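Reading through the structure tokens given below for one structure.
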Amino acid sequence: MGDSITPRFGNMKALLGIVAGAGASYGLYKLISSSSFRKSRKGTRNDSSNVSTVSLQPGSLLAKHLKTLLSCLQFSNSQDDKCRMLLTLANASAFVINQNLIREYEGIPIIAGFLSDPAADVRVQSLIALNNLSMNIENQEQLTVYVPKVLELIETSPMNSELQLCALRLLTNLSVTDKHQHLLKDSIKLLLSLFVLNISVFFQVQTLKVLVNLSSNPDMMDDIVQVQAPASVLLLFDPRTVPAVLVRLLTFAGNLKAWRPSAQVAAELRQNQDSLFRLMLDESSQLHSRVLPLLSHPEEEVRLQAARVLT
Numbered sequence: 001m002g003d004s005i006t007p008r009f010g011n012m013k014a015l016l017g018i019v020a021g022a023g024a025s026y027g028l029y030k031l032i033s034s035s036s037f038r039k040s041r042k043g044t045r046n047d048s049s050n051v052s053t054v055s056l057q058p059g060s061l062l063a064k065h066l067k068t069l070l071s072c073l074q075f076s077n078s079q080d081d082k083c084r085m086l087l088t089l090a091n092a093s094a095f096v097i098n099q100n101l102i103r104e105y106e107g108i109p110i111i112a113g114f115l116s117d118p119a120a121d122v123r124v125q126s127l128i129a130l131n132n133l134s135m136n137i138e139n140q141e142q143l144t145v146y147v148p149k150v151l152e153l154i155e156t157s158p159m160n161s162e163l164q165l166c167a168l169r170l171l172t173n174l175s176v177t178d179k180h181q182h183l184l185k186d187s188i189k190l191l192l193s194l195f196v197l198n199i200s201v202f203f204q205v206q207t208l209k210v211l212v213n214l215s216s217n218p219d220m221m222d223d224i225v226q227v228q229a230p231a232s233v234l235l236l237f238d239p240r241t242v243p244a245v246l247v248r249l250l251t252f253a254g255n256l257k258a259w260r261p262s263a264q265v266a267a268e269l270r271q272n273q274d275s276l277f278r279l280m281l282d283e284s285s286q287l288h289s290r291v292l293p294l295l296s297h298p299e300e301e302v303r304l305q306a307a308r309v310l311t
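According to the UniProt record's numbering, numbering within the sequence shown proceeds without interruption in unit steps and concludes at 311.
Okay, structure coming up:
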């Protein structure tokens, strides 16, 4: 399109139209007006907040603006500016046309590069943008390269942190279809541990969404049932567990129960004392006794999923 890396400020002001909310609009306005975008000129930052809010509309961010924004992002050294630009790209990525443009402009590697940024806030905004981009099937092909890094962030981030939650949301989108689920086969132990250690319903639900996606694929079952599983998983099959968690936990268990290994395979799996197979599928499992009381649960969906497990 012939756009240079240096931003054209007259056109860049049109970017305000993609941001919903006065705070975000103000942030982007400062970004556009800031001298930090000018490679050859120095000046003062315009801190004016008198910017009208314009609702996000499909196509309101022009292709040339996206290209310019991605270029600016590559050269920014300011944590605040990087966060604002990534937020703007995340908002733009709510629309398919922009999802495609960002991919075509090689924006996915640029955005994913900030998964290694030293600032946690920048990593969070990078994950949010990538999560929106992952709604596009073609984008998922490129995003799978970053699965190891996303798993690393989940494992090393503080428990119950926004960073951890955003990473789980991205994995949820990437695991919706069977195509990329094999990339997560080594993460099942981590996900189970994360589930039982978390006291946050949001985190438990998000972790279970990934596990439910993976367990819906019969080709993943061999890897899932062999994983070393915390025995405390069974304790959450309890009427006092939040229904949103309980329904998904029962769905996960139902997916496991629907798998029918041969007698030889079952005998081999039985040798692993701490496996998920022994915990939830073996004849010695306490799963049946834990789920039985849930047939009387006040929530219909809990009762339905409990019946599926016991069938």
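The beta-carbon is built from N, C-alpha and C at its ideal position, and this holds for glycine as well.
Predicted, not measured: the structure shown is a model, and the values here were computed from it.
Excluding five sequence neighbours on each side, which residues of the same chain lie with their C-beta closer than 6 Å to the C-beta of residue i?
i    : result
E299 : P243
S157 : L163 and Q164
D117 : R123
To which residues of the same chain is residue i closer than 8 Å at the C-beta, ignoring the five residues directly before and after it?
i           : result
V122        : Q79, K82, C83, L86 and F114
residue 326 : The structure shown does not extend to residue 326, since the chain is modelled only from 1 through 311, so no value can be given for it.
R240        : none
K189        : V227, Q228 and A229
R169        : L127, N131 and Q206
Between the alpha carbons of residue i and residue j, how many angstroms are there, rounded?
i           : j    : result
S285        : L127 : 38 Å
I102        : I111 : 10 Å
L304        : A266 : 27 Å
V227        : S76  : 43 Å
K179        : S134 : 14 Å
C72         : L89  : 12 Å
V54         : N136 : Low confidence applies to V54: its pLDDT is 31, below 50, so where it sits in the model is not reliable, and the reading given next is rough at best. For V54 and N136, the distance between alpha carbons rounds to 25 Å.
E138        : A263 : 41 Å
A129        : D223 : 30 Å
T311        : V291 : 11 Å
L250        : E301 : 10 Å
residue 349 : V150 : Past the edges of the chain, shown from 1 to 311, lies residue 349, and the structure says nothing about it.
V233        : L69  : 45 Å
Measure the beta-carbon distance from residue i to residue j and round it to whole angstroms, keeping in mind my assumption that it falls under 8 Å.
i    : j    : result
N160 : N132 : The Cβ separation is near 23 Å, so there is no contact.
V225 : K257 : Actually they do not touch by this definition, with Cβ atoms about 11 Å apart.
I108 : L143 : 7 Å
Can you name, in chain order, every residue of its own chain whose Cβ lies under 7 Å from the Cβ of residue i, other than the five neighbours on each side?
i    : result
P293 : P239
E106 : none
Does the segment 201–216 touch the segment 274–284, meaning 3 or more C-beta pairs lie closer than 8 Å?
no
Scan the segment 118–180 and note each continuous alpha helix (DSSP H) run of 4 residues or more that stays entirely inside, going in chain order.
DSSP runs (the alpha helix (DSSP H)) wholly in the segment 118–180: 120–133, 137–143, 147–156 and 162–174.
Entirely enclosed alpha helix (DSSP H) segments - the segment 237–275, minimum 4 residues:
243–257 and 263–269
Output the residue ranges of the alpha helix (DSSP H) runs that lie fully inside the segment 92–117 and measure 4 residues or longer, sorted by chain position.
96–104 and 107–112
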